[in-house]
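See below for the structure under consideration.
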Amino acid sequence: MISQAAAAVLKQLVNEGVSPWLSEWACTDNDWDAARCLAERQGFLGHFAPAGVPHPALRAACDSLSPAFEESGGRHGQVSASLSPASAHDAFAFVVEAAALQRAVQRPNMLVRIPATQAGLAAVSACVARGIGVDATLIFSVGHYGRVLSAYMDGLDLALANGLPLERITLLASFPIGLIDEEVNSRLESVPADVADQLRDTAGVAVAQLIYRAREERLNSTWWRVLRSAGAAAPRLAWIGAGPGHVGALVGSNSVLSLAVDILENVVTDNVLHGDTLLNAHAQGRSTLELLGSHGIDMDVVAEALGKRTCPVEQPL
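With the numbering used here as the guide, the letters of the sequence shown map in order to residues 181 to 497.
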């Protein structure tokens, strides 16, 4: 159970255009079904399912969230299902597995989780072209996110050419706040202690602020306006692995926040929400990254290191 104060935080997030989802690390696959049922009753509006969840459990989760999915026009009420990591560098294998999972679960509010490797980007386009919703993961930089958006829009072009309705084809792009901070924090050992204290746990939010701005700029492009007029759904952003102190800085319309119950309870005591904090926050994000750069922290190097660490076979983007 969550406290009344935590439930109120969930409602406040929803009112700000944020969809709170249960983190895939909130429980093991053995107790996930029970945990997600409890989470839904308490106000969570989506789930990142851990690897290994059986098809019947995925189907049940999608069904339980279907009312939220329908009432919100697809903004809430979805389940992100993991594909095999063995396919991370094989676009064809990803698409085959995604199509098989979609046939097995047969629910419009299920997304397939695909890491945004080179092969993964090709798979994103191919899945979207077939009408399969995607959760693109392991995005480590603004440029990387731009390539994910291009893959989505390429897929929408193909879906439109194939005569598919675009309204319910979804892209969720998941950005790992926690991984970014972990990598940057490990590089602060050579920085003077007072400066390191100032910079610790700031990089993830800073990149998120720039990514949020990049999405807003892309949604103002001519290409997107054409797709939007054909019914395309705006891509959403998901913030993964955020600590309690980050939550207030990651409030922005048309986004998802991955939360475990313990993190949510800490938000109640450690954090106060102040409305939308991502809109027009890009200057602050840029300033933070410039300060990191002035102390030898190159975010391109950080992104490359994370790419090698999380998907070691392929050269990172």
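No residue lacks a Cβ here, since even glycine has one placed at the ideal position from N, Cα and C.
* **At least three beta-carbon pairs within less than 8 angstroms, the segment 307-320 to the segment 341-356** => Because the criterion of three Cβ pairs below 8 angstroms is met, the segment 307-320 and the segment 341-356 touch.
* Asked: If we count the other Cβ atoms within 10 Å of its Cβ and call it buried at 16 or more, is Val481 buried or exposed?
  -> Position 301 of the sequence shown, counting from 1, holds the residue named residue 481. Classification of Val481: exposed, given that the 10 Å Cβ count is below 16.
* When burial is assigned at 16 or more other CB atoms within 10 Å of the CB, is Cys217 buried or exposed? -> Counted from its first residue, the sequence shown places residue 217 at position 37. That one is exposed.
* To do: Have a look at Leu359 and Leu417 and give me their C-alpha separation to the nearest angstrom.
  => Here residue 359 corresponds to residue number 179 of the sequence shown, with the count starting at 1. Here residue 417 corresponds to residue number 237 of the sequence shown, with the count starting at 1. Going by the C-alpha atoms only, they are around 16 angstroms apart.
* In terms of alpha-carbon separation, which member of Leu281, Ala422, His454, Leu459 lies closest to Leu444? -> Residue 444 sits at position 264 when you count from the first residue of the sequence shown. Considering only alpha carbons, the answer is Ala422.
* Asked: Straight-line CA distance for Ala440 to Val447?
  -> Your numbering for residue 440 matches position 260 in the sequence shown. Your numbering for residue 447 matches position 267 in the sequence shown. About 11 angstroms.
* Pick helix, strand or coil for Phe272, following the three-state DSSP scheme. => On the sequence shown, residue 272 is found 92 positions in, with the first residue counted as 1. Helix at Phe272.
* Asked: By DSSP, does Ser401 sit in helix, in strand, or in coil?
  -> By 1-based counting over the sequence shown, the position of residue 401 is 221. Correct three-state label for Ser401: coil.
* Asked: For Pro496, which three-state DSSP category applies?
  -> Taking the sequence shown and counting its residues from 1, one reaches residue 496 at position 316. Legend: pLDDT at Pro496 = 42, less than 50; position of this residue unreliable, value from coordinates given subsequently. Residue state, collapsed to three classes: coil.
* Indicate whether the contact test is met: 3 or more Cβ pairs, each with one atom in the segment 273-285 and one in the segment 373-380, closer than 8 angstroms. => no
* **Whole-angstrom C-beta distance between Val328 and Ala357, which should lie under 8 angstroms** => Translated into positions along the sequence shown, residue 357 becomes position 177. Translated into positions along the sequence shown, residue 328 becomes position 148. Checking the sequence shown, residue 357 turns out to be Ile, not Ala. So it is not a contact: roughly 16 angstroms between Cβ atoms.
* To do: Note down, in chain order, each residue of its chain lying with its Cβ closer than 8 angstroms to the Cβ of Pro295, except the 5 sequence neighbours on either side.
  => Along the sequence shown, read from residue 1 onward, the residue named residue 295 stands at position 115. Around Pro295: Pro265, Ala268, Ala316, Thr317, Leu318, Thr490, Cys491.
* To do: Could you pull the start and end residues of the alpha helix (DSSP H) that Ser246 belongs to?
  => Start at 1 with the first residue of the sequence shown, and residue 246 comes out as number 66. Segment 235-251, the alpha helix (DSSP H) holding Ser246.
* For the 8 angstroms Cβ check, are there 3 or more pairs between the segment 457-473 and the segment 385-399? -> yes
* Rounded C-beta distance between Ser203 and Val436? I'm assuming under 8 angstroms. -> Position 23 of the sequence shown, counted from the first residue, corresponds to residue 203. Position 256 of the sequence shown, counted from the first residue, corresponds to residue 436. So it is not a contact: roughly 11 angstroms between Cβ atoms.
* **Closest residue to Thr297 among Ser467, Ser321, Arg283, Ala284 (Cα-Cα distance)** => As a first step, residue 297 is located in the sequence shown; it is residue number 117 there, counting from the start. Thr297 has its Cα closest to that of Ser321, out of Ser467, Ser321, Arg283, Ala284.
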